[in-house]
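Be aware that the sequence shown starts at 56, since it is given in the UniProt record's numbering, and climbs by one per residue. Note that CB positions come from ideal geometry on N, CA and C, so glycine has one too. A quick write-up on the structure given underneath.
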Amino acid sequence: PRQVQIIPSVLPADWANMGQCVKELEEAGVDRIQFDVMDGNFVPNLTFGPEMIAACRNYCDVPFETQLMVSNYNSDTMLEEYVNATKGLNGEPGVVIVHVEACTHLHRSLSKIRDMGGSPSVALNPHTPAELVLNVLDLVDHVLVMTVNPGFGGQAYIPTMLDKITQLRSAIVERGLDVDIEVDGGIKADQTIMECAAAGANCFIAGSGMFAYPTLKEGCDALRAKALE
Ligand code: DX5
Numbered sequence: 056p057r058q059v060q061i062i063p064s065v066l067p068a069d070w071a072n073m074g075q076c077v078k079e080l081e082e083a084g085v086d087r088i089q090f091d092v093m094d095g096n097f098v099p100n101l102t103f104g105p106e107m108i109a110a111c112r113n114y115c116d117v118p119f120e121t122q123l124m125v126s127n128y129n130s131d132t133m134l135e136e137y138v139n140a141t142k143g144l145n146g147e148p149g150v151v152i153v154h155v156e157a158c159t160h161l162h163r164s165l166s167k168i169r170d171m172g173g174s175p176s177v178a179l180n181p182h183t184p185a186e187l188v189l190n191v192l193d194l195v196d197h198v199l200v201m202t203v204n205p206g207f208g209g210q211a212y213i214p215t216m217l218d219k220i221t222q223l224r225s226a227i228v229e230r231g232l233d234v235d236i237e238v239d240g241g242i243k244a245d246q247t248i249m250e251c252a253a254a255g256a257n258c259f260i261a262g263s264g265m266f267a268y269p270t271l272k273e274g275c276d277a278l279r280a281k282a283l284e
C-alpha cells in the first residue's frame, strides 16, 4: 500500500505569522505543507505569490507543495519562480501542482517543472473527468483530485469524486506507474478521509479539518489515524 501523507493547507493559518505556523506544522508531524496560490481569476480569491513561500522556507525543514490556482502558465518565468520557491532547504524538488483546466499546454508545463527541478503534479476540478490527465500520468508524481470547488477553505466535501479517485488509481496501476493520488477539500478525520483512502487516495490535504483541533498535532494525528483505519 502507498504511504499515507498528511498535508495541511496554510489557508486557515495566521498569515501575519506564517513562518511560526509552518514551524508548528513541522512540530505537529506533517509530511508536507501546501501553499494555495490563487490569482483572483482562475478562482474568485487572491492569496499570495512566490515570495510568501520563499519567506517560509527557512522556518522549517518540511517539504513544500504549491497548488497553482492561477490562469496563466504559459510563462516559463512564472513556473520557474514557483518551482524555485517550493524547493527544499537543500534544493530538493518541491511539489508544484498545475490545474489541467488552466493549462493550454499541460504536457509541456509538467515537463518544464521536472526540467526546472520540481516535482510535477496535476489537479482536476470537480467537473473535470479523469480522462483529461491520462496522457500525462507518466509525467507526474501526484494527481490532485479536488473534492471542493477551489478558492476557499471550509467548504463541503463532494462525495461523487470517489469514482474519479478509483478510476485514476486503476489507470495508474494499469500503467505500472508510481503516482500518488491527493485529495483536497472538506477532508476531515471522519468518513471523508476513510472513503477517499479506500478509493485509492494516499495524500490528504486539510485546512479547516486540521486547524479545528486544540493543537495541530492532534489534528495531524487524528487525520492520519483515520486514513489508516
Ligand atoms: C481550496 C484549497 C484547499 C483548502 C482546503 O481552494 O485549495 O486546499 O484550503 O480547505 P478545507 O480543508 O477547509 O476544505
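Residue range 217-229 is occupied by the alpha helix (DSSP H) that includes I220.
Within 10 angstroms of the beta-carbon of E106 lie fewer than 16 other beta-carbons, which makes it exposed. Going by beta carbons, I62 and R87 fall inside the 8 Å limit.
In this structure I213 is not in contact with V228, their Cβ atoms being roughly 24 Å apart against a cut-off of 8 Å.
In the DSSP assignment, V138 falls within the unbroken alpha helix (DSSP H) covering 131-141. Using a 10 angstroms sphere on the CB of G146, the tally of other CB atoms stays under 16, which defines it as exposed.
Within its own chain, the residues whose Cβ lies closer than 8 Å to the Cβ of E79, once the five positions on either side in sequence are excluded, are L271, listed in chain order. Beta bridge pairing from DSSP links E237 with L199, C258. Taking the Cβ of V203 as the reference point, at least one heavy atom of the ligand DX5 falls within a distance shorter than 7 Å. If you draw a 10 Å sphere on the C-beta of T215, you find fewer than 16 other C-beta atoms in it, and that means exposed.
Between P67 and the set G274, S263, E284, the nearest pair of CA atoms involves S263. The stretch 252-262 makes contact with the stretch 222-240; the number of CB pairs closer than 8 Å reaches 3 or more. Note that the stretch 149-165 touches the stretch 124-141; at least 3 beta-carbon pairs, one per stretch, sit closer than 8 Å. Taking each of T183, P205, D218, L223 in turn and checking the Cα distance to I260, the smallest one comes out for P205. For A83, the shortest separation between its Cβ and any heavy atom of the ligand DX5 does not lie below 7 Å.
Per DSSP, reduced to three states, the secondary structure at V155 is helical. If you check the C-beta of G173 against the ligand DX5, you find no heavy atom less than 7 Å away. In the three-state scheme derived from DSSP, where H, G and I count as helix and E and B as strand, E120 is classed as strand.
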